[in-house]
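>
Chains as they are written, first to last, in our numbering: chain A, 484 to 961; chain B, 484 to 961.
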């Protein structure tokens, strides 16, 4: 073979160290000054793109130019989720150990589709998810030494798809996977269930119209009596009820569905019971909030997102099943080019069979780092502080005659509104968000536009919540 | 409100800088010494878990202990995808700019589900994917200024699910999304199509049995005559053909399906044509390999993975559609709590409607960094080198009477085997991988066990491929 040219365009190790240190410092600086930026990006549609060169570069550029462009071109288009004054949606918090665990994941660059393609990627994930069962006081049957087990998914949406698939397969003895759906499988949520369940119904071919949205009580929790009645009506109509989603902490108001009653119905009616605790699940690190998950032992699957409220950067959804065989039956496939001795032995987990994607990152590293850095004690401390801050905010709302709470805040989400009606609240929210000094979003509860303030960002302290309340009061039309 | 304790368990900014620098240096060290480790991890099932403490820590631990454990406990369980002697599966390569772009993504911690939740996250992604169309010479209708557009998915598996959903919806005018599938929708691939298509058929409720695996020619490319005949048989049986997947570079042998002929059939028969170029797509950075995608202008969707061969760490699949409206119709959902002015205006892209998950990371950053660091010139250089190295390896195989090529290598994947039969090849592969000096995997072609050597890791040079061949020759049973 002729000698080959030795040209290399790769970043040399020394340059990687230098630039890497610069990026770490940039992130540290960013997080220290993050509350100096408008929380909600103030750019107009198309503004960021207009600042970017229309064509890709023919020749490489220096790294310094790229980092400078992040500062100059990208930052104005960032809505600062890590701002201590980000109170919108549910939080997506983060932490130093998570960022650095994720950095190791990127640097190792392993792809854990099979146990054999990096045993540590699989075994650490299994191990840390068993830890999570202990940390949250989840039912022991979600542990890998029982019939269940946990896996990291990208999001609660994807977990919902997997739960529905397992339910669909169990209800049809595998027929729907082999021969397709027949449009007669029915699933249940409440009117407050996250939209990802309805989306998932379309994705898995069961049909969005076949999700029954059961009405809720005054606390916006699902009414089990109506659930049971609907199941019976559907059976009488010749349909096949197969799945119910109960929520611990709905997106609109953090309502908690009555798991024990729903669980009994699911057992009796042989429905797969999925519990979505995407945000609120983290509260169970504190023993005093574990009552929220009473009844979870009847669940076939459960998920919560450390990437919301547990200091772990997106993406990291922990999805647990009581019967891993049911999940694997729905998702397993083994082409020749993936066959290997470890898989054949049956002694290992191949997580590719636990979700839709084949490839997977080493996401357990960041969760491991977060748990080890904070310890259970540290996690509890910060979760308690967030809840205390939300409750303080609720007290201030209650004390102001112009405002009302839509519901008492169960945890770290406060649903409130000005008594002046929808238009006043819409204008108030738009005015607040346009200041850039905080970011909050809305929902509708009982048909009325309601503002949501969720306390969960890593560095949110009393002064930020206090400043938010001051700004809200000042921004009310006089 | 009573004053709150100021205790914090968060990592202080200075500590983050210090530990961050240490992690960057650790990665630089790791990548410099990566070829000193066994490529395929040599641990036994359960060995990594056995080294980990059974219970989560009650109190936090120092970061130094965590990083030391990565070295001591995790590394033995790593299969080193970044080793220059990793020749298994398809590559999952990586680079400094990619790692650092991903680090910025983790540090910014934004969640780009909506344009408004970080406009730059959406606009940079649209922009860079338009660049990719230029870089690869893809059809212009995949650009966002036409009716199409690109989006980053986690994997080609998820892209396949989205393509199938859009096809399913188009074929049923939305009925399958609303009311569920009926098991009469049929899709087509070849016997060499990636298993993710069959898995996706189960996921979307069309049924795995409704994927027809069309036979291939001597180059393992799909036979369009058989495709057309099968479509007609299915129509005659009252079924609804709606989707075909053509592959540019199959997993087993890098075979290239005849896109022009398949495209004509899909147009005439009104099938959604998806083209999967997960690994081989990167070759089109070089004009001399663009002939492989001739006929792509008939495709409704296309994907390739920069996380395989374009120096971008997992996950990063680029998924393009010719008609974004069809994709969005299949996946869109808008609950009250996600409503916002920008979405209502119709002037922005909300990528949550382009895939299954709601939340999403700022993955465009790493792809932007990779393209800018290497420039088109640098990408071409390294892709050409990989292909040259694979072809050199193929020449060595040809020159040794004991071995044969299963097919001529079109690109960077060489399929070869010892002439002694399956058992000899299986033992040879096991022996090679047990040395830890390289990692390669197998497939079956024409029923015969065939070894695959794929050249695509970032730092693979002539000496590594030469050493692999020397080891293979020496390892043959005498």
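Beta carbons: idealized from backbone N, C-alpha and C, even for Gly.
Counting Cβ pairs, one atom from each stretch, are 3 or more of them under 8 Å apart for the segment 580-595 of chain A and the segment 629-643 of chain B?
no
> Could you tell me whether the Cβ of residue 644(A) comes closer than 9 Å to any Cβ of chain B?
yes
> So what does DSSP say about residue 808(B), is it helix, strand or coil?
It is helical.
> Does residue 950(B) have its Cβ less than 9 Å from a Cβ in chain A?
No, no contact with chain A.
> Give me the DSSP bridge partner(s) of residue 756(A).
Note: residue 756(A) sits in a beta bridge opposite 727(A).
> Does DSSP classify residue 652(A) as helix, strand or coil?
helix
> Beta-carbon separation of residue 607(A) and residue 830(A) under 9 Å?
no
> Have a look at residue 783(B) and residue 617(A) and give me their C-alpha separation to the nearest angstrom.
48 Å
> Out of curiosity, what's the CA-to-CA distance linking residue 528(A) and residue 825(B)?
Residue 528(A) and residue 825(B) have their C-alpha atoms spaced approximately 8 Å apart.
> Distance, Cα to Cα, residue 876(B) vs residue 897(B)?
8 Å
> Hey, residue 722(B) and residue 687(B) are a contact pair by Cβ (cut 8 Å); roughly how many whole angstroms apart?
With a Cβ gap of about 16 Å, residue 722(B) and residue 687(B) do not count as contacting.
> Could you list which residues in chain A have their beta carbon closer than 9 Å to that of residue 526(B), in chain order?
Neighbours of residue 526(B) on chain A, chain order: 602, 603, 606.
> By the 10 Å Cβ neighbour count, where 16 or more other Cβ atoms means buried, how is residue 666(A) classified, buried or exposed?
buried
> Can you list, in chain order, the stretches of the beta strand (DSSP E) that have 3 or more residues and sit fully within the segment 888-933 of chain A?
Correct list: 896-901, 924-928.
> Looking at residue 943(A) and residue 856(A), is the spacing between their C-beta atoms short of 9 Å?
no
> What whole-angstrom Cβ distance do residue 768(B) and residue 640(A) have, given they're in contact under 8 Å?
No, residue 768(B) and residue 640(A) are not in contact; Cβ-Cβ is about 33 Å, not under 8 Å.
> Give a yes or no on whether the C-beta atoms belonging to residue 596(B) and residue 810(B) are separated by under 9 Å.
Here residue 596(B) is not near residue 810(B), since their CB atoms are 9 Å or more apart.
> Quick one: what does DSSP say residue 824(B) is sitting in, helix, strand or coil?
helix
> Thinking just about the alpha-carbon of each residue, which of 493(A), 569(A), 506(A), 515(A) is nearest to the one in residue 521(A)?
569(A)
> Quick one: is residue 942(A) near chain B, going by C-beta distance under 9 Å?
Put simply, the CB of residue 942(A) is near chain B, with a gap under 9 Å to one of its CB atoms.
> Could you tell me the distance, in whole angstroms, from the CA atom of residue 612(B) to the CA atom of residue 802(B)?
9 Å
> Run through the segment 669-739 of chain B for me and flag every whole beta strand (DSSP E) of 3 or more residues, listed as ranges in chain order.
694-697, 723-730
> Quick one, which residues of the segment 502-523 of chain B are near chain A if we go by CB-CB under 8 Å, in chain order?
502, 503, 504, 506, 507, 508, 509, 510, 511, 513, 514, 515, 523
> Grouping DSSP H, G and I as helix and E and B as strand, with all else coil, what is residue 800(B)?
In this structure, residue 800(B) counts as strand in the three-state DSSP scheme.
> What did DSSP end up calling residue 866(A) once you bin it into helix, strand or coil?
Collapsing the DSSP output to three states places residue 866(A) in a helix.
> Under 9 Å between C-beta atoms, does residue 561(A) make it to chain B?
For residue 561(A), at least one C-beta of chain B is nearer than 9 Å to its own C-beta.
> Check whether chain B comes within 9 Å of residue 852(A), counting only Cβ atoms and requiring the distance to be less than that.
Yes, its Cβ sits closer than 9 Å to a Cβ of chain B.
> At 7 Å on the CB atoms, spell out the chain A contacts of residue 494(B), in chain order.
578, 579, 580, 856
> Any beta-carbon of chain A closer than 9 Å to the one on residue 834(B)?
Judged by the 9 Å Cβ criterion, residue 834(B) is not in contact with chain A.
> Taking the alpha carbon of residue 923(A) as the reference point, which residue from 804(A), 931(A), 937(A), 910(A) has its own alpha carbon closest?
937(A)
> For the alpha helix (DSSP H) that contains residue 546(A), what are its first and last residues?
546-552
> Just confirm the distance between the C-beta atoms of residue 806(B) and residue 631(B), as a whole number of angstroms; I'd bet it's less than 8 Å.
6 Å
> Taking C-alpha atoms, which residue in 833(A), 823(A), 909(A) lies nearest to residue 808(A)?
833(A)
> Is the beta carbon of residue 772(B) closer than 9 Å to that of residue 572(A)?
no
> Using the three-state DSSP reduction, which class does residue 513(B) fall into: helix, strand or coil?
Reduced to three states, the DSSP call for residue 513(B) is helix.
> For a contact meaning CB atoms closer than 9 Å, what does residue 549(B) contact in chain A?
Annotation: Cβ neighbours of residue 549(B) in chain A (cutoff 9 Å, chain order): 580, 583, 584, 851, 852, 855, 856.
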